[in-house]
Every structure is written in structure tokens, then in C-alpha cells.
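Participant: Count the sequence shown with the UniProt record's numbering and you get residues 1 to 165, in order. Ideal Cβ positions, reconstructed from N, Cα and C, are used throughout, including at glycine. Just so you know, these numbers come straight off a predicted model, no measurement behind them.
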Amino acid sequence: AAPAVLEPETGVDFPPELAKQALVATGARRKLGLRVYAVGLYLDRRSGLWGRSPGPRELVRGALGRARLRLVITSGLVTQEKLVATLRKTLGPRLKLGAAKAEAVLDAFGAVLAKGPALARGIVLVFEVGRRGVRVQMGRGYRGEVASAPLATALLSAYLDEKAV
């Protein structure tokens with residue numbers, strides 16, 4: 001097995017593969033100087049993006065249905081409520097939906113996250129970004145799903161576009 005990949009800012013190790021997808025990038029989310037979580041982007045080798053330098057829009061399109069985001073909480077100050085509020089603020093402007101539909105999708109995503117185990121330092125969240133929505137895994141056993149293609153696009157865009165978090 002290949003060795004883990006260290007995210008240098010947080011010291012978090014990422015497995016080089018996740019569900020047959022390869023780790024292609026890592027980073028850290030900071031808020032007010034605190035390291036909130038480490039993030040890794042995993043991409044299917046059949047995505048058509050390998051060996052190329054796509055722009056953000058092409059990267060998001062090519063990664064849909066072939067990517068996962070793995071977040072590792074690095075701050076004990078992170079709660080479900082804070083994560084949901086931050087994701088609403090980040091994803092809302094990126095959702096290509098009318099206001100009422102966007103609100104419903106954000107409510108559904110927030111509800112899925114709220115039902116998971118309490119967030120604490122070291123908890124792992126995996127977002128499987130599909131063409132029809134987002135599957136969520138929190139901790140070892142909890143799983144949830146939101147069927148919304150615009151949510152999947154917005155989530156990837158939040159980490160890959162010109163205004164990435």
C-alpha cells in the first residue's frame with residue numbers, strides 16, 4: 001500500500017486512495033487564524049482530467065460523478081451548527097436555483113449533516129459528489145444523501161472555482 005499523504009498545514013494524513021479514487025490535492029480551511037479542517041480531493045482516474053490543466057469550470061464539470069471530498073475536523077470548536085451555517089453561506093450563491101428551491105436544498109443538506117454524529121477533532125466527513133446529488137458519510141457509520149445535481153455542482157465549485165474556500 002502507498003504511504004499516506006501529509007497535509008502540511010494541519011499535519012493530517014490522507015490515504016492515497018479512497019474508493020478507487022486517487023488523492024489529487026489537499027488543503028486546509030482556516031477561519032480567524034484557526035485551522036478548522038483539512039480537506040482532500042479524490043478523483044477517478046477515468047475522469048478525463050488526468051494529465052491536463054483544466055480551468056475551474058471544466059474541472060468541476062469533469063469531476064462531477066467522479067470525485068470525493070474528504071474533510072478531517074482539526075478544531076474542537078467546530079459544531080454541526082457552525083459547519084451548516086458556513087456551508088449555507090458558501091454554497092448558497094453557487095446554487096443555480098431560484099431562491100425557494102435553493103433554500104429547500106440547503107435545508108435538506110443541513111438536515112443530513114445535523115443528523116450525523118457530533119463533530120469533534122478527528123471526525124472524518126466524506127462527500128461523494130455525484131451527478132445527481134451528494135452522499136455524505138460522517139464518522140464510521142452515519143450516511144445520508146441529498147438528491148440535487150445543483151448541490152453537487154455548488155459543493156465542488158466551493159473547493160475548485162476562482163473563489164474557492
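Cβ of ALA111 within 8 Å of Cβ of ARG132?
Facilitator: Sequence index remark: in the sequence shown, residue 111 carries index 111 (1-based). Sequence index remark: in the sequence shown, residue 132 carries index 132 (1-based). In this structure, ARG132 does not lie closer than 8 Å to ALA111 by Cβ.
Participant: Figure out for me which residue from LEU71, LYS20, ALA102 and ARG143 has the closest Cα to the Cα of ALA114.
Facilitator: Locating residue 114 in the sequence shown gives position 114, where the first residue counts as 1. The candidate whose alpha carbon is nearest that of ALA114 is ARG143.
Participant: Are the CB atoms of VAL5 and ARG68 nearer to each other than 8 Å?
Facilitator: Here residue 5 refers to the residue found at position 5 when the sequence shown is read from its first residue. Here residue 68 refers to the residue found at position 68 when the sequence shown is read from its first residue. Not in contact: VAL5 and ARG68 (Cβ atoms no closer than 8 Å).
Participant: For the beta strand (DSSP E) containing GLU9, list its first residue and its last residue.
Facilitator: For the purposes of this step, residue 9 is taken as the residue at position 9 of the sequence shown. No beta strand (DSSP E) holds GLU9; DSSP gives it neither H nor E.
Participant: ARG35 and SER75 look like a contact to me (Cβ under 8 Å); what is the Cβ gap, rounded to whole Å?
Facilitator: Counting from 1 along the sequence shown, the entry for residue 35 is found at position 35. Counting from 1 along the sequence shown, the entry for residue 75 is found at position 75. That belief holds up - the Cβ atoms of ARG35 and SER75 are roughly 6 Å apart, short of 8 Å.
Participant: Is the beta carbon of ARG57 within less than 7 Å of some heavy atom of the ligand ZN?
Facilitator: As far as ligands go, the structure on display features none, and thus does not contain the ligand ZN.
Participant: Can you name, in chain order, every residue of its own chain whose Cβ lies under 7 Å from the Cβ of ARG29, other than the five neighbours on each side?
Facilitator: Indexing the sequence shown from 1 puts residue 29 at position 29. Once the five neighbours on either side are set aside, the close Cβ partners of ARG29 are VAL36, TYR37, VAL39 and VAL165.
Participant: Counting only runs of 4+ residues fully inside the stretch 89 to 120, write out the alpha helix (DSSP H) ranges in chain order.
Facilitator: 99 to 114
Participant: Classify GLU7: buried if its beta carbon has 16 or more other beta carbons within 10 angstroms, exposed otherwise.
Facilitator: For this step, residue 7 is matched to residue 7 along the sequence shown. Buried, because 16 or more other Cβ atoms sit within 10 Å of the Cβ of GLU7.
Participant: Taking the Cβ atom as the reference point for each residue, do PRO150 and LYS96 lie within a distance shorter than 8 Å?
Facilitator: The count along the sequence shown starts at 1 and reaches residue 150 at position 150. The count along the sequence shown starts at 1 and reaches residue 96 at position 96. Contact flag set, yes.
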